[in-house]
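Residue numbers (the numbering used here): 1479 to 1585.
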């Protein structure tokens, strides 16, 4: 059954913090993530720039063949370290929400 992984990045609490770098995220980080994980079940992704009054900057949805495929990919420590180690290149905060779920309906 297809699954999604949703990551939501909060706005930084430090008003002097560097803003989320959407260009880096869209042009470098997410293509890197897809390059590493597409061979093990990642089928796509969507990045949404959120309205500032939501308290969050970014929502990213990773699409997977199954939740098990994501768990297998995520368990590869070498790759996960590279992916999560890249966060400081585009954000001063880590995802505040990180959830995995199976798709039960779509159109």
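Think of the CB as a built atom: it goes at the ideal place given N, C-alpha and C, for glycine as much as any other residue.
Residues bridged to residue i [DSSP beta-bridge criterion]
i	result
residue 1575	1486
residue 1536	1487 and 1527
residue 1563	Answer is none; residue 1563 lacks a bridge partner.
residue 1481	1542 and 1580
residue 1519	For residue 1519, which the question treats as bridged, DSSP gives no partner whatsoever.
Candidates the options, of which the one nearest residue i by Cα
i	options	result
residue 1521	1566, 1551, 1540 and 1575	1540
residue 1544	1557, 1525 and 1519	1519
residue 1506	1568, 1480, 1584 and 1583	1568
residue 1536	1585, 1550 and 1508	1508
residue 1487	1480, 1503 and 1494	1503
residue 1496	1580, 1531, 1579 and 1571	1571
residue 1562	1517, 1526 and 1511	1511
residue 1534	1573, 1483 and 1585	1573
residue 1517	1491, 1494, 1542 and 1538	1542
Presumed contact (8 Å Cβ cut-off) between residue i and residue j, rounded CB distance
i	j	result
residue 1489	residue 1575	The pair is not a contact, with the Cβ atoms about 13 Å apart (cut-off 8 Å).
residue 1546	residue 1515	With a Cβ gap of about 13 Å, residue 1546 and residue 1515 do not count as contacting.
residue 1582	residue 1481	The Cβ separation is near 10 Å, so there is no contact.
residue 1527	residue 1500	6 Å
Boundaries of the alpha helix (DSSP H) in which residue i is found, first to last residue
i	result
residue 1550	1545-1552
residue 1509	1508-1515
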